[in-house]
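In the working numbering, the protein residues as written are 7 to 307.
Scroll down for the structure; my scribbles are underneath it.
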Ligand SMILES: Cc1ncc(C[n+]2csc(CCOP(=O)(O)OP(=O)(O)O)c2C)c(N)n1
Ligand code: SF4
Ligand SMILES: [Mg+2]
């Protein structure tokens with residue numbers, strides 16, 4: 007059996023306030039294992055401010071800054087500047103924001119941070135809705151998903167718009183490093199965190215974060231669902247270094263998306279036509295990813 011390479015150090019206390027099976031909690035735990043104690047985390051309003059910092063307690067053994075919902079990109083720019091002035095070059099400056107705080111209200115601050123080449127890591131933990139305030143839809147909610155603001159009744163069929171392509175938006179800024187990560191594949195997750203840690207410049211990590219109450223599945227199924235997301239091609243794992251894309255987990259044939267969709271109450275209203283529509287989109291995105299990897303590999307270094 008292959009030797010586990012994930013660091014044993016724990017920088018997250020067990021007495022946190024996440025729901026059982028929270029993918030976002032696992033994401034933070036694995037992230038800090040890879041980054042180590044010389045880390046400062048900036049948190050905007052999101053589930054993690056509740057999970058991690060109910061005053062006067064903390065669930066993290068690293069420095070934390072709570073910042074306004076829209077300001078993560080700006081806040082890590084300021085933290086980096088302050089750390090540099092103080093000569094703290096070896097400190098990892100990390101923004102850890104939800105999908106709403108990143109793809110919607112925080113997009114401008116993120117874009118500025120990437121464009122200024124801020125030497126920091128921006129993490130979007132993606133539970134595909136505004137969970138902390140009661141499961142409202144975000145730009146990252148997938149097409150057709152039920153949320154409290156995209157109901158299913160009569161003519162209403164869940165979210166009418168597709169998921170926003172955050173990796174595409176980030177890659178247009180040419181970051182030093184960008185990757186998709188899934189806590190259900192912890193070895194791949196840890197390797198990417200350690201790679202991001204050792205690169206200088208703006209870095210972006212898109213982390214898949216299943217949410218049992220928001221997606222309507224049993225909290226014991228978080229890892230199984232996470233694996234299905236990647237194995238069906240719904241959430242492919244890849245990284246982009248200096249503009250070159252590499253897929254980091256390839257399975258022989260993708261599993262049918264039906265397995266992933268049927269495991270969650272938020273898609274229970276899907277008809278066979280809806281499933282076929284998602285299947286075709288996932289197949290097309292996967293083929294595009296494979297094609298991009300092939301082109302990047304054939305480009306001279
Ligand atoms: C300017 C502003 N608008 C709205 C809120 C209320 N609010 C707090 S957390 C949150 C949802 C955050 O969603 P997301 O970023 O996806 O993180 P999640 O809760 O899903 O972890 C909202 C709308 C706020 N704190 N500040
Ligand atoms: S609502 Fe979802 S994201 Fe928030 S703590 Fe619970 S499981 Fe985690
Ligand atoms: Mg969210």
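Beta carbons: idealized from backbone N, C-alpha and C, even for Gly.
As the structure is a prediction and not an experimental result, all values here were calculated from the model.
Collapsed DSSP secondary structure at residue i in the structure displayed
i	result
residue 128	strand
residue 59	coil
residue 212	strand
residue 10	coil
residue 246	strand
residue 20	coil
residue 69	strand
residue 102	strand
residue 260	coil
residue 266	helix
residue 97	coil
residue 45	strand
residue 324	Lying outside 7 to 307, the shown extent of the chain, residue 324 is not represented and no answer is given.
residue 252	strand
residue 186	strand
residue 75	coil
residue 108	helix
residue 39	helix
residue 276	coil
residue 51	coil
residue 224	coil
residue 297	helix
residue 271	helix
residue 240	coil
residue 27	coil
residue 281	helix
Residues sharing a beta bridge with residue i, DSSP
i	result
residue 287	Paired residues: none, contrary to the question.
residue 136	142
residue 158	163
Range covered by the alpha helix (DSSP H) that runs through residue i
i	result
residue 78	78-91
residue 175	172-177
residue 230	228-237
residue 1	Residue 1 lies beyond the stretch modelled for the chain, which goes from 7 to 307, so this question has no answer here.
residue 180	Looking at the DSSP string, residue 180 is not in any alpha helix (DSSP H), and its letter there is neither H nor E.
residue 305	Careful: residue 305 lies outside any alpha helix (DSSP H) and carries neither H nor E.
residue 218	218-221
residue 192	192-203
Chain C within 8 Å of residue i, Cβ atoms only
i	result
residue 113	The structure shown contains no chain C, having only a single protein chain.
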